[in-house]
Amino acid sequence: MVVIIGPSGSGKSTLLRTFNGLEVPTSGSVLIHGVDITKKKVDLNTVRRNVGMVFQHFNLFNNLTVGQNVMLAPVELQLKDKASAAKQAKELLTNVGLADKFDAHVQSLSGGQQQRVAIARALAVEPDIMLFDEPTSALDPEMVGDVLDVMKDMAKRGITMVVVTHEMGFAKEVADRVVFVDQGKIVEEGTPEQIFNHPKSQRLQDFLNKVLSV
Amino acid sequence: MKHQFVKALRLGLVCLSLGLLLVFAKQTVQAATTYDIATDVTYPPFEYANSRNKYVGIDIDLIKAIAKTEGFKVRLKPMSFNGGVQAVESGQLDGIIAGMTITPERRQKFDFGTPYFKTGVSMAVAKSSHITSFKQLRGKRVALKTGTAAADYAESIKKKYGFKTVTFDDSNNMYQDVTTGNSVACFDDHPVLQYAVKQGVKIKLVGQPATSGWYGFAVKRGQHAALIRKFNAGLKKLKANGTYDQIVNRYLSSQKNPAVRNKTFQIATDVTFPPFEFANAANHYVGIDMDLIRAIAKDQGFKLVLKPMSFNGAIQAVQSGQMDGMIAGMSITPERQKQFNFSKPYFNSGVVMAVKSHSTITKLSQLHGKKVAIKTGTAGADYANSIKKKYGFKTVTFDDSNNMYQDVITGNSVACFDDHPVIKYAIHKGTKLRIVTKPVETAPYGFAVKRGHNAALLAAFNTGLANLKASGQFDQIKAKYLGAPGKAMPVTADTKTDNSFFGLIKQNASALGEGLQETLLLSVVSIFFATIFGIIVGLLGVVPIKWLNWLSTTIIYIFRGLPLLVLALFIYTGIPSLTGEKIPAFVAGVITLAFNEGAYTAAFVKGGIAAVDPGQMEAARSLGLPFGKAMRKVILPQGLKIMVPSFINQFIITLKDTSILSVIGLLELTQTGKIIIARNLEGFAVWTIIALMYLILITLLTWLSNWVQRRMKA
Numbered sequence: 251m252v253v254i255i256g257p258s259g260s261g262k263s264t265l266l267r268t269f270n271g272l273e274v275p276t277s278g279s280v281l282i283h284g285v286d287i288t289k290k291k292v293d294l295n296t297v298r299r300n301v302g303m304v305f306q307h308f309n310l311f312n313n314l315t316v317g318q319n320v321m322l323a324p325v326e327l328q329l330k331d332k333a334s335a336a337k338q339a340k341e342l343l344t345n346v347g348l349a350d351k352f353d354a355h356v357q358s359l360s361g362g363q364q365q366r367v368a369i370a371r372a373l374a375v376e377p378d379i380m381l382f383d384e385p386t387s388a389l390d391p392e393m394v395g396d397v398l399d400v401m402k403d404m405a406k407r408g409i410t411m412v413v414v415t416h417e418m419g420f421a422k423e424v425a426d427r428v429v430f431v432d433q434g435k436i437v438e439e440g441t442p443e444q445i446f447n448h449p450k451s452q453r454l455q456d457f458l459n460k461v462l463s464v
Numbered sequence: 106m107k108h109q110f111v112k113a114l115r116l117g118l119v120c121l122s123l124g125l126l127l128v129f130a131k132q133t134v135q136a137a138t139t140y141d142i143a144t145d146v147t148y149p150p151f152e153y154a155n156s157r158n159k160y161v162g163i164d165i166d167l168i169k170a171i172a173k174t175e176g177f178k179v180r181l182k183p184m185s186f187n188g189g190v191q192a193v194e195s196g197q198l199d200g201i202i203a204g205m206t207i208t209p210e211r212r213q214k215f216d217f218g219t220p221y222f223k224t225g226v227s228m229a230v231a232k233s234s235h236i237t238s239f240k241q242l243r244g245k246r247v248a249l250k251t252g253t254a255a256a257d258y259a260e261s262i263k264k265k266y267g268f269k270t271v272t273f274d275d276s277n278n279m280y281q282d283v284t285t286g287n288s289v290a291c292f293d294d295h296p297v298l299q300y301a302v303k304q305g306v307k308i309k310l311v312g313q314p315a316t317s318g319w320y321g322f323a324v325k326r327g328q329h330a331a332l333i334r335k336f337n338a339g340l341k342k343l344k345a346n347g348t349y350d351q352i353v354n355r356y357l358s359s360q361k362n363p364a365v366r367n368k369t370f371q372i373a374t375d376v377t378f379p380p381f382e383f384a385n386a387a388n389h390y391v392g393i394d395m396d397l398i399r400a401i402a403k404d405q406g407f408k409l410v411l412k413p414m415s416f417n418g419a420i421q422a423v424q425s426g427q428m429d430g431m432i433a434g435m436s437i438t439p440e441r442q443k444q445f446n447f448s449k450p451y452f453n454s455g456v457v458m459a460v461k462s463h464s465t466i467t468k469l470s471q472l473h474g475k476k477v478a479i480k481t482g483t484a485g486a487d488y489a490n491s492i493k494k495k496y497g498f499k500t501v502t503f504d505d506s507n508n509m510y511q512d513v514i515t516g517n518s519v520a521c522f523d524d525h526p527v528i529k530y531a532i533h534k535g536t537k538l539r540i541v542t543k544p545v546e547t548a549p550y551g552f553a554v555k556r557g558h559n560a561a562l563l564a565a566f567n568t569g570l571a572n573l574k575a576s577g578q579f580d581q582i583k584a585k586y587l588g589a590p591g592k593a594m595p596v597t598a599d600t601k602t603d604n605s606f607f608g609l610i611k612q613n614a615s616a617l618g619e620g621l622q623e624t625l626l627l628s629v630v631s632i633f634f635a636t637i638f639g640i641i642v643g644l645l646g647v648v649p650i651k652w653l654n655w656l657s658t659t660i661i662y663i664f665r666g667l668p669l670l671v672l673a674l675f676i677y678t679g680i681p682s683l684t685g686e687k688i689p690a691f692v693a694g695v696i697t698l699a700f701n702e703g704a705y706t707a708a709f710v711k712g713g714i715a716a717v718d719p720g721q722m723e724a725a726r727s728l729g730l731p732f733g734k735a736m737r738k739v740i741l742p743q744g745l746k747i748m749v750p751s752f753i754n755q756f757i758i759t760l761k762d763t764s765i766l767s768v769i770g771l772l773e774l775t776q777t778g779k780i781i782i783a784r785n786l787e788g789f790a791v792w793t794i795i796a797l798m799y800l801i802l803i804t805l806l807t808w809l810s811n812w813v814q815r816r817m818k819a
């Protein structure tokens with residue numbers, strides 16, 4: 251798991267969104283499994299199937315039920331038939347602790363529940379990599395734990411994850427590598443130990459002072 | 106004195122017809138009399154032996170049919186024309202029917218029955234000949250058939266044009282003399298020559314018929330009055346029951362004008378210009394113009410599709426080539442002659458000024474500083490505009506007569522100008538106006554076609570008009586609507602009609618029903634196409650392709666920016682001008698609405714999609730869903746919910762906007778209303794009915810939409 255940290259407006263989310271082509275970099279390249287996805291001939295739809303994403307504001311499909319949200323992509327992309335997609339959706343929802351919400355309407359769910367559904371939805375296409383764009387920022391504090399627990403669980407199962415977050419405790423505990431971004435540039439990167447306990451650059455030190463003293 | 110004389114005359118007529126009736130009654134009970142009738146040997150298509158050597162032809166069939174209806178027997182004696190004439194003259198035979206033209210000379214020796222066939226002398230030349238006029242005949246030989254009116258005519262002009270004549274006893278020899286080149290031309294009756302051409306004789310007709318005359322059935326003068334009466338009575342019956350037309354058509358479908366025969370012409374007319382054009386109580390279009398053009402069409406053998414539309418709409422439709430011609434009480438003015446070719450004038454009108462019944466205004470000089478109502482495109486309008494400076498009044502322009510009258514009656518305007526018969530007719534119908542000036546001579550009315558187009562139609566109109574004038578039918582048509590000169594206007598049946606609210610509904614139920622149907626059909630078809638067009642253009646506006654977005658914006662900009670009326674006229678009159686292809690009014694109407702309403706639809710489709718959280722699209726795309734699928738499965742279902750109220754709104758607007766299409770002559774509800782009002786001048790009541798019908802429609806549509814909306818939510 252890679253965690254990206256940095257002050258607001260530093261370019262964390264933008265960086266993350268280039269990984270599945272939601273943002274197109276003006277220069278440079280993005281390599282996924284050794285393929286540069288910024289090249290024109292690359293089929294972004296295929297890339298995106300391998301790179302799941304979870305958004306700050308969940309972005310669940312409001313016109314569909316919880317179960318349909320999870321099933322939509324596997325069925326539409328003809329990865330699974332309806333029956334097996336439904337079976338898989340139930341399993342995924344069970345994993346995130348929402349087995350009983352299969353037929354519920356999206357609007358009836360709390361923020362934390364919605365975000366867990368969003369994670370299940372992203373996992374439904376069985377991606378190799380998962381991107382998290384501030385998954386807990388829009389949540390009430392008491393909901394944050396549930397979502398982080400799910401993510402920790404995924405980390406344990408060895409799923410490759412790139413997470414943009416302000417949850418420093420989570421980063422320290424779970425991350426394999428932490429990247430500090432400021433003003434659009436990677437300023438420093440390393441293990442949580444290196445980054446949080448032995449920050450080298452002045453900017454990272456200032457950032458950590460501000461964040462951790464709160 | 107005069108009055109008494111008329112009375113006496115009428116009494117005499119009654120006695121005479123009673124007497125005639127008695128004679129007929131007596132004769133029908135008599136044993137069938139047999140008459141010996143002379144006819145020509147070879148005068149196709151009037152008489153000739155067919156392939157089985159049986160005598161047939163118009164004359165033969167006609168006299169046989171008359172004999173049958175009148176209960177007498179006929180023994181036909183084919184002989185040369187001259188022989189037949191002499192045999193009747195000498196009393197050997199009782200009568201002659203042989204394409205015999207009624208001439209003053211012949212009248213001295215024969216009594217003729219009612220003229221039964223119109224004819225005229227024409228010249229024919231060999232197919233390859235370059236001769237087109239009489240002048241080219243100088244020094245040449247011309248073939249004639251003895252005893253025919255054509256021969257008389259040729260003899261009468263041979264000195265003037267300096268040709269020689271050679272006469273034959275039958276038509277075939279005459280034709281052969283021309284086809285072999287011995288003679289350069291021949292003269293014969295128009296239908297005879299046409300029949301010969303149809304039969305494959307290698308000649309062609311040149312020029313228009315030089316004279317016109319009528320064929321009549323003849324008996325020796327002073328003899329056989331009974332036979333003539335029987336002939337006349339029988340002919341009348343055959344004409345009434347259509348047998349006459351059948352007989353003529355059997356031989357001579359080409360008797361009509363060959364340039365227009367069996368062709369269909371679209372003729373535009375005004376909706377509201379009684380007594381020239383208006384819908385009668387049965388909502389059938391009648392009036393002087395209507396009866397005239399129909400009679401001419403019949404005379405010349407062409408078919409008509411009459412399209413009532415506003416006068417200005419008609420002018421544009423003809424200019425753009427949508428319509429072949431127009432007859433709408435249209436004055437022949439120099440300006441219009443730049444755009445149109447006019448027929449010979451068929452009506453001389455005269456503009457009068459009319460004021461409210463109790464108005465004190467009686468002179469033009471009293472109009473100073475006042476408002477005067479006129480109708481666009483009329484001679485009245487031209488006249489008013491020409492004198493408005495002099496008398497210092499202002500003009501208000503209306504699109505139809507009824508609105509113009511209303512403006513005067515309500516007092517908005519103090520006077521109106523229009524053609525004398527038109528205002529006279531309106532007053533006769535109960536419009537509270539008074540004519541205060543003498544008719545001012547203005548440009549006469551003419552039938553118009555687009556300049557340089559439809560020359561054959563125009564020629565046919567002129568020929569037909571001349572024929573109708575010659576036969577007196579034209580005067581009959583005029584008298585039907587204007588009354589005989591000096592007499593009061595004829596009281597027509599619909600003055601007695603029930604003009605109460607429910608009476609109006611009942612009386613116009615079928616017309617209103619048809620209008621309603623047209624409106625519904627137009628709405629449904631237009632809504633269908635507008636919605637498809639709108640959704641497509643709306644989607645083009647949101648796809649991630651720049652030039653399609655631009656296209657969408659441009660389409661919306663153009664079609665939302667154009668007033669519906671302008672767009673309708675542009676499509677209806679503009680497209681034919683550009684492509685030369687006519688476009689039916691209904692199609693033009695649907696296209697107009699599809700573009701206009703579709704542009705509005707596109708705008709709110711775009712807006713509806715834009716109103717869906719962009720995160721929805723990002724999330725869908727992040728799952729690897731292609732744009733189209735994401736749009737269909739995620740964005741559109743949410744967007745549609747947002748759009749539903751807009752859709753309902755747009756459907757209602759479309760339904761109402763169909764009324765604007767009345768301008769291109771579509772007979773939908775509004776146009777139907779205009780037409781009914783043009784007839785009965787009950788503007789308020791009829792518009793109330795129409796308004797209620799629209800409201801009911803819109804209520805139903807709203808209910809339906811709400812029901813659909815509820816179902817969608819569930």
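Protein sequence lines, in the order shown, are assigned to chains A and B.
Quick note on the working numbering: the first sequence kicks off at 251 and runs consecutively.
Quick note on the working numbering: the second sequence kicks off at 106 and runs consecutively.
Positions of the beta carbon are idealized from the N, C-alpha and C atoms, including for glycine.
Could you have a look at H533(B) and say whether DSSP puts it in helix, strand or coil? helix
When we look at the beta-carbon of E702(B) and count the other beta-carbons within 10 Å, is it buried (16 or more) or exposed? buried
Look up E438(A) in the DSSP assignment and give the residues it is bridged to. F430(A)
Measuring only between beta-carbons, confirm whether S727(B) sits less than 8 Å from chain A. yes
With three or more C-beta pairs closer than 8 Å as the rule, is the region 498 to 516 of chain B touching the region 546 to 554 of chain B? no
Have a look at F452(B), E623(B), N277(B) and P150(B) and flag the residue whose alpha-carbon is nearest the alpha-carbon of H295(B). P150(B)
Short check: CB of K779(B) to CB of V410(B), under 8 Å? no
Whose Cβ in chain A lies nearer than 8 Å to the Cβ of A715(B)? Within 8 Å Cβ-Cβ: nothing; A715(B) doesn't reach chain A, min ~16 Å.
Where the alpha helix (DSSP H) through N388(B) begins and ends: Boundaries for N388(B): no alpha helix (DSSP H) harbours it, and the DSSP string shows neither H nor E there.
Other residues of its chain near N270(A): CB distance less than 7 Å, five sequence neighbours each side excluded: V297, R298, V301, M303 and L381
Classify F352(A) as helix, strand or coil using the three-state DSSP reduction. coil
Is it right to say V190(B) is buried, meaning 16 or more other beta carbons lie within 10 angstroms of its own, or is it exposed? It counts as buried.
Taking Cβ to Cβ, would you say D396(B) is nearer than 8 Å to I582(B)? yes
Under 8 Å, Cβ to Cβ, is there at least one residue of chain A near K738(B)? True, the Cβ-Cβ gap to chain A drops below 8 Å.
Coarse secondary structure for K499(B), derived from DSSP in three states: In the structure shown, K499(B) adopts extended strand secondary structure according to DSSP, grouped into three states.
Euclidean distance between Cα positions of G415(B) and K325(B): Note on residue identity: the sequence assigns Ser, not Gly, to residue 415(B). Cα to Cα, the separation comes out at about 57 Å.
Along the region 688 to 701 of chain B, what residues have a CB closer than 7 Å to any CB found in chain A? none
Should E382(B) be flagged as near chain A, meaning a C-beta pair shorter than 8 Å? no
Straight-line gap, Q328(A) to L265(A) (C-alpha atoms, nearest Å): Counting only the Cα atoms, L265(A) lies some 30 Å from Q328(A).
Find the nearest neighbour of R366(A) within the set I379(A), K332(A) and M404(A), judged by alpha-carbon distance. M404(A)
Using a Cβ-Cβ distance under 8 Å, would Q814(B) count as near chain A? no
Please report the residue range of the beta strand (DSSP E) in which L249(B) lies. R246 to K250
With a cut-off of 8 Å, does the C-beta of K712(B) fall near any C-beta of chain A? For the record, residue 712(B) in the displayed sequence is Gly; it is not Lys. By this cut-off, G712(B) is not an interface position.
Does any residue of chain B have a CB that is nearer than 8 Å to the CB of A323(A)? yes
For L683(B) and R665(B), the rounded distance between their alpha carbons: 22 Å
Candidates A486(B), G733(B) and I163(B): which alpha carbon is nearest V648(B)'s? G733(B)
Taking 8 Å as the threshold (beta carbon to beta carbon), is H307(A) in contact with chain B? yes
Kindly indicate the opening and closing residues of the alpha helix (DSSP H) around L398(A). Residues P391 to K406.
Whole angstroms is fine: what's the gap from T441(A)'s alpha carbon to A425(A)'s? 8 Å
Using a Cβ cut-off of 9 Å, which residues of the region 622 to 637 of chain B contact any Cβ in chain A, in chain order? none
With G200(B) and F322(B) assumed to form a contact (beta carbons below 8 Å), what rounded beta-carbon distance in angstroms separates them? At roughly 6 Å, the Cβ-Cβ gap stays under 8 Å, so G200(B) and F322(B) are in contact.
If you measure between the beta carbons of L570(B) and S462(B), is that distance less than 8 Å? no
Any beta carbon from chain B within less than 8 Å of R366(A)'s own beta carbon? With a threshold of 8 Å between beta carbons, R366(A) makes no contact with chain B.
Give a yes or no on whether 8 Å exceeds the smallest Cβ distance from L644(B) to chain A. no
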